[in-house]
Structure formats: C-alpha cells, structure tokens
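Beneath this line is the structure, given in structure tokens, with notes to follow.
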Amino acid sequence: TQLLEQSPQFLSIQEGENLTVYCNSSSVFSSLQWYRQEPGEGPVLLVTVVTGGEVKKLKRLTFQFGDARKDSSLHITAAQPGDTGLYLCAGGSQGNLIFGKGTKLSVKP
Amino acid sequence: DSGVTQTPKHLITATGQRVTLRCSPRSGDLSVYWYQQSLDQGLQFLIQYYNGEERAKGNILERFSAQQFPDLHSELNLSSLELGDSALYFCASSDTPGGGTAGELFFGEGSRLTVL
C-alpha cells in the first residue's frame, strides 16, 4: 500500500514568516500534486510536478519534487492570513491519486 | 466554482439506513472519483468511473456501491450505515481516464453525512 506522510500535521505561524511543509513516501510516484482545501470546500489544485528534481514557483509558493520522485516540499515565503488552509499532497499511481492526511496551516495577522 | 455539483450538502440519518449521494461532473469530464474524508483517515479514495465503466477501486466497503450513468452523473450508495461512516464524501471529476497520471481533479463541495 502506497502511503504519503505529511509533516507537520499542524502549523501555526505569524503573518510574514516563512514555512516549509513536507510530503514523504517510500514509494515512487509518476507525479505529485499539491492541493489546498478551505473549510466547507473541496480541495483545489495548486501545482503538479512530474519530473524528479523539478521546482515550480507560484507567486510566494515554491514546490519541489525529490530527485527519486518519492518526496516533495512546499515552501511559502512571507505567509499571509489568506494562506490559511489544509495543504494536501497527492501522488499519482495507476491512474489514482493517493492523498496524504495534510498539513493544517494557520497564519495569524 | 469547480463545476462539480454534489447533492445533498448535508445529510443526517440513523444507523442501519441507506443513503444516496449524487454528483454531476464538470461539463466534458468523463472520469468521476469518489473520496471519503474523515478527521483521522484523511482523504481516502473509494472508487473511480470513466465513461460509465468502473476504472479503479480503492478502500470501498462492500456496503457501499456506486455507478455512473449515461449522462455521466454518478451516485454513491451507502447502506447499513454505521456511526463510523459519518464523514465528508467528495466527488471529483477529470478529463483523463487515469493510467500513468490522474490529471487535475476538480472537487465538488462535498456531502457531509452524519449517522446518529
């Protein structure tokens, strides 16, 4: 069974701080996605990475896929209250997406 | 708005009962996925349909079943409900059949099921 472990589980920071959340697995994934979920809503895709070592930037968010395609990280620079939410990584395997349990981020003004 | 519609948004029922959750995918999407989200288990993949055919199965209980109709909407049937079935049930759609990569999934707002 493929598992994706995310850390930390919870993160509470002040506006303006930087943070990194991690997504790790012992399995290799053909692709990895990051989603953000806000209360009362479904997850929304932020980014997809498919190549080992790939780095993608989305404004203040930087996503990295590990060289071995087993892990990924999400770095947020100068976090804002609007970044608050549940960040989920999801690994693509055999046509399905396996989700991690997520990192719940709270950014206080 | 993701374009995926789920009904009902909230449902309260008793143990032993049966409920049906409905999902209309984004226009043009042939794949429909069902996920269960609970606090302790996270987002668990249940089942996927592509153009009316079952494509992949995850951790779906035998008490649960699903189907995708010719108009591409899908229903998830949950029977003999137990307290532990209380969760958020999400439907997602995509324009890919699966295979090597799942593509982007567009999620509905979910159906919150409470079993008393």
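Chains E and V are the protein sequences, given in the same order.
Quick note: the first sequence uses the numbering used here, first residue 32, plus one each step.
Quick note: the second sequence uses the numbering used here, first residue 400, plus one each step.
Every residue gets a Cβ at the ideal spot worked out from N, C-alpha and C, and that includes glycine.
- Distance from the CA of LEU477 of chain V to the CA of ILE459 of chain V, rounded to the nearest whole angstrom, comes to 10 angstroms.
- Nearest to GLY451 of chain V by alpha-carbon distance, out of V:SER423, V:GLY441, V:LEU512, V:PHE463, is V:SER423.
- Against chain E, the beta carbon of GLY402 of chain V has no neighbour under 9 angstroms; the closest one sits roughly 11 angstroms away.
- Distances from the CA of GLU72 of chain E to each of V:LEU512, V:ASP494, V:LEU487 were compared; the closest alpha carbon is that of V:LEU487.
- Of the residues V:GLY509, V:THR513, V:GLN447, V:ILE411, the one whose Cα lies closest to the Cα of PRO70 of chain E is V:GLY509.
- In this structure, the beta-carbon distance from VAL138 of chain E to THR115 of chain E falls below 7 angstroms.
- Annotation: LYS87 of chain E to GLN416 of chain V spans about 47 angstroms, alpha carbon to alpha carbon.
- Within the region 416-486 of chain V, the complete beta strand (DSSP E) segments at least 3 residues long are 418-423, 430-437, 441-449, 452-456, 463-467, 473-477, listed from N- to C-terminus.
- DSSP places GLY502 of chain V outside both helix and strand once states are collapsed to three, so it counts as coil.
- Shown here for PRO140 of chain E: same chain residues with a beta carbon closer than 6 angstroms to its own, the five before and five after excluded, namely GLU46, PRO112 in chain order.
- Counting only residues of its own chain and dropping the five nearest sequence neighbours on each side, GLY122 of chain E has a CB closer than 6 angstroms to the CB of LEU35, PHE60, LEU63, ILE129.
- By the neighbour-count criterion, in which 16 or more other beta carbons inside 10 Å mark a residue as buried, ASP428 of chain V falls on the buried side.
- For GLY131 of chain E, the number of other beta carbons within 10 angstroms of its own is at least 16, and it is reported as buried.
- Residue state for ASP102 of chain E is assigned as strand, using DSSP reduced to three classes.
- Nearest CB-CB separation between GLY73 of chain E and chain V: below the 7 angstroms threshold.
- With a threshold of 7 angstroms between beta carbons, ASN127 of chain E makes contact with chain V.
- Annotation for LYS101 of chain E: SER56, VAL59 place their beta carbon closer than 6 angstroms to its own, counting only its chain and skipping 5 residues before and after.
- Annotation for GLY402 of chain V: ARG425, SER426, PHE505 place their beta carbon closer than 7 angstroms to its own, counting only its chain and skipping 5 residues before and after.
- Counting along the chain, the unbroken beta strand (DSSP E) around ARG67 of chain E starts and ends at 62-68.
- When only Cα atoms are considered, LEU438 of chain V and LYS135 of chain E end up about 12 angstroms apart.
- In the structure shown, the three-state DSSP call for GLY122 of chain E is strand.
- Closer than 7 angstroms at the C-beta level to chain E, one finds these residues of the region 440-453 of chain V: GLY441, LEU442, PHE444, GLN447.
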